[in-house]
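>
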Amino acid sequence: MPQLTINGQEIGFEDGQSILEVALSSELEIPHYCWHPGLSVVASCRICLVEVWAPNPRNDNKLEAIPKLLPACQTPAADGQVVHTDSPKATANQRAVMEYLLINHPVDCPVCDQAGECTLQDYAYRYGRSASRFEETKIKQPKKDLGPDILLYSDRCIMCSRCVRFTREVTGTCELMVEGRGAQESIDVFPGRALDNELSGNVIDLCPVGALLDKDFLFQQRVWYLTRTPSIDGLTSGGDNISVEHNHGIVYRIKPRTNLEVNTWWISDEIRWGWKFIHDESRRRMPRVRGLDPHDPQQADLAWKSATDAALSGMQGTHIAALISPMLGCEDAWHLARLVKSIDPDAVLALGPVPIDGEDKTFPGGYTLRAEKAPNARGVRRVLESFGDEILDATAFEELLASGGGPASVLLTGNYPSAWVTESLEGALGDRFVVLLDTMPNRLEERADVFLPAATWMEKSGTFENVDGRLQAFERAIEPVDYCKSEAQIALDLLAGLDGSKPEWFNAVMTRQQMAIEPALKMFLDEVHLPEVTAPVESDMEMIEL
Ligand code: FES
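Each residue of the sequence shown is one higher than the one before, counting from 0 in numbering that gives the first Met the number 0.
1. Taking the C-alpha atoms as reference points, what is the distance between I519 and V379?
2. Please work out which residues of its chain come closer than 8 Å, Cβ to Cβ, to K304, disregarding the five sequence neighbours upstream and downstream, and give them in chain order.
3. Hey, how far is the Cα of V339 from the Cα of S324?
4. Can you tell me whether Y597 is buried or exposed? The criterion is at least 16 other CB atoms within 10 Å of its CB, across all chains shown.
5. Please check the pair D437 and N414, which I expect to be a contact at CB under 8 Å, by giving their CB distance rounded to whole angstroms.
6. For V243 and E474, what's the separation of their Cα atoms in angstroms?
7. Thinking C-alpha only, which one of V466, A321, P344, M314 is nearest I231?
8. Are the C-beta of T455 and some C-beta of chain B separated by less than 8 Å?
9. With H, G and I counted as helix, E and B as strand and the rest as coil, what does DSSP make of A302?
10. Does the distance between the C-beta of A71 and the nearest non-hydrogen atom of the ligand FES fall short of 7 Å?
11. Could you tell me the distance, in whole angstroms, from the CA atom of P354 to the CA atom of K372?
12. Find out if the Cβ-Cβ distance for the pair P54, G79 is shorter than 8 Å.
13. R511 lies in the alpha helix (DSSP H); which residues open and close that run?
14. How far does the beta strand (DSSP E) with H334 in it reach, from first residue to last?
15. Mind checking whether the beta-carbon of A95 lies closer than 7 Å to any heavy atom of the ligand FES?
16. Since P352 and A393 should fall inside the 8 Å C-beta cutoff, what is the C-beta to C-beta distance between them, to a whole number of angstroms?
17. In the DSSP assignment, find the beta strand (DSSP E) that holds M176 and state where it starts and stops.
18. Quick check on DSSP: helix, strand or coil for W52?
19. Measuring from the CB of R381, is there a heavy atom of the ligand FES at a distance below 7 Å?
20. Just mark E531 as buried or exposed, buried being the case when its beta carbon has 16 or more other beta carbons within 10 Å.
21. Write down every uninterrupted run of the alpha helix (DSSP H) in the stretch 91–173 whose length is 4 residues or greater and which is fully enclosed by it, in chain order.
22. Between which two residues does the alpha helix (DSSP H) containing L194 stretch?
23. Determine which residues share a DSSP beta bridge with P255 and list them.
24. At the level of alpha carbons, what is the spacing between L494 and A487?
25. Let me know if R337 comes out buried or exposed under the rule of 16 or more other beta-carbons within 10 Å of its beta-carbon.
26. So, does the stretch 55–63 touch the stretch 165–173, judging by three or more C-beta pairs under 8 Å?
27. Give a yes or no on whether the C-beta atoms belonging to I270 and I253 are separated by under 8 Å.
28. Count the C-beta pairs between the stretch 215–228 and the stretch 325–333 that are closer than 8 Å, then say yes if the count reaches three, no if not.
29. Roughly how many angstroms separate the alpha carbons of K484 and W456, rounded to a whole number?
30. Since I believe L410 is in contact with G429 (beta carbons under 8 Å), could you give me their beta-carbon distance rounded to a whole number of angstroms?
31. Rounded to whole angstroms, how far is the Cβ of V40 from the Cβ of Q73, which I believe are closer than 8 Å?
32. Can you find a heavy atom of the ligand FES that lies under 7 Å from the Cβ of C47?
33. Check whether the Cβ of H528 sits closer than 7 Å to any heavy atom of the ligand FES, and report yes or no.
34. So for P452, helix, strand or coil by DSSP?
35. Assuming Y122 contacts M158 under a Cβ cut-off of 8 Å, what Cβ separation, rounded to an integer in Å, is found between them?
36. Can you tell me the Cα-Cα spacing of M0 and E13, whole angstroms?
Below you can see the structure in the form of structure tokens.
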């Protein structure tokens, strides 16, 4: 394997890697703005210039300094190279570039959303000058409304052009351009167009400074108050890796997590902004039993107790059919199937309706927007099939109910972000006993004999199987709102109610281990991808020689 040396450290590399890629792969920092692994290389910001010495084949391969500094992002790594990122020449360039970038920058960090995660801020501290020598008047640039979701604060822009290249190379929609020249150049949309494509929000993440801002997150939180929980997209079948960023039980934003095997660096706008229903005022938060006054001021625990008792007494001794939603985790599906099979070994299991919106759309950059708007249809089916019966789809389930015979009680699960119950499903239920586990209002709420409020995927842990059959675990980001519980926990409570034992607490890891005892579910032991958290943990301890 060829090797080069960066700041005295020998590092092996693959052919085709740039000096910057080699350094980053060894967790050595070379400052960079315009380079991004998902975009073409333009080498325009010049902060990554390094001093390179290379063997000269015309002089017995003796090491010779290359007279000019070279951009680490664009210079291929070569065997025997010696690179300095901290030599006087390299650091003088870093200081000069930082000074140049800050000349017209408003330095309004106290009111900037990017503060705390801004590379301009970080590099100014690490590589810049402590004081500005610029005494002239700064050029002021306007704020621009680029589209329905994104604002541009041109003053803060450092013209790295990542956003422009994104719309050209990844989405192919080309809404953005560089307008003007020199100190007057700025980013803008082409006349008459808006930055409005299905992946537009990624330019916010790409912007290394606080120029491109998320209207939805504007002035909502200082980023250092946010806790990041690794999670998986719970709205579509792609299984995109995401971080849920939250504070005190409130989710403020969703960011992509890099996974080169799934979503690379991007997520779609529907994943980024489609989660708002979890804090919607209309979210259902309390259990309800038909015939009981919903405004009865009893304690929540009592409401849960009376609701689970009512659910059990209605279902016990009957033939049951259960509709398990593709919005649930595999663990939810497994506990629910266990529950109905414990009550009725002949219980009918069905997969809930799988919403499809158009067709998959693949962008020039390779990202695919999924038409299937449910995260776990394959995982739920896999789990239900392990119980040995034929699994009905939603249409066959409805036909079975509409035929008039069959089950006397029905367990339904929803957890969709919007209304999902059709008039025909409601009609097919007839006068059967209905237990509904759901999150949002729907036409069955009043009809259900027992309604149990469920938790969304951000409020529980579990596993989704994406469209490519990849099993990925996600962690609970926030506590369930008010009195909601995960479907798995509800099933465990009901199972305990069957034999009068104490309810177990739901634990996704232990559930996967229990599931994997069944040979058909063995993959839950060793094929589940757990979230990788790659953020470096820096010690805040200072070691002092005594
Ligand atoms: Fe190399 Fe911008 S990162 S020139």
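Think of the CB as a built atom: it goes at the ideal place given N, C-alpha and C, for glycine as much as any other residue.
Answer, in terms of the structure:
1. Inspection of the sequence shows that residue 519 is occupied by Ala rather than by Ile. A519 and V379 have their C-alpha atoms some 13 Å from each other.
2. Here the set comprises nothing.
3. Looking at the two C-alpha atoms, the distance is approximately 15 Å.
4. Any property of residue 597 remains undetermined from this structure, which presents the chain solely from 0 to 545.
5. Indeed they touch by this definition, with Cβ atoms about 7 Å apart.
6. One C-alpha to the other measures close to 10 Å.
7. It is V466.
8. Judged by its chain identifiers, the structure shown contains no chain B, having just a single protein chain.
9. Residue state, collapsed to three classes: helix.
10. Yes - the ligand FES has a heavy atom lying nearer than 7 Å to the Cβ of A71.
11. Taking the straight line joining both Cα atoms gives about 5 Å.
12. With contacts defined by Cβ atoms closer than 8 Å, P54 and G79 form a contacting pair.
13. First-last of the alpha helix (DSSP H) with R511: 507–514.
14. For H334, no beta strand (DSSP E) segment is defined; the enclosing uninterrupted segment is the alpha helix (DSSP H) at 329–342.
15. Short note on A95: C-beta not closer than 7 Å to any heavy atom of the ligand FES.
16. Yes, they are in contact, since the Cβ atoms of P352 and A393 sit about 4 Å apart, within 8 Å.
17. If you look at M176, you'll find it in the beta strand (DSSP E) that goes 175–178.
18. Three-state DSSP puts W52 in a strand.
19. In this structure, the ligand FES has no non-hydrogen atom nearer than 7 Å to the beta-carbon of R381.
20. Exposed, because fewer than 16 other Cβ atoms sit within 10 Å of the Cβ of E531.
21. Complete alpha helix (DSSP H) runs here, min 4: 118–126, 161–164.
22. In the DSSP annotation of this structure, L194 is not part of any alpha helix (DSSP H), being labelled neither H nor E.
23. Within the DSSP secondary-structure output, P255 pairs in a beta bridge with I241.
24. The C-alpha of A487 is placed about 10 Å away from the C-alpha of L494.
25. Classification for R337: buried.
26. In this structure the stretch 55–63 does not touch the stretch 165–173; the number of beta carbon pairs closer than 8 Å is below three.
27. Going by C-beta atoms, I270 is nearer than 8 Å to I253.
28. No, they do not touch.
29. In this structure, the CA atom of K484 is about 11 Å from the CA atom of W456.
30. Contact flag wrong, Cβ pair sits at about 15 Å.
31. Rounded, the Cβ-Cβ distance is 5 Å, consistent with contact.
32. Yes, the ligand FES has a heavy atom inside 7 Å of this Cβ.
33. Flag unset: Cβ of H528 not near the ligand FES.
34. If DSSP states are grouped into helix, strand and coil, P452 belongs with the strands.
35. Contact flag wrong, Cβ pair sits at about 15 Å.
36. Going by the C-alpha atoms only, they are around 7 Å apart.
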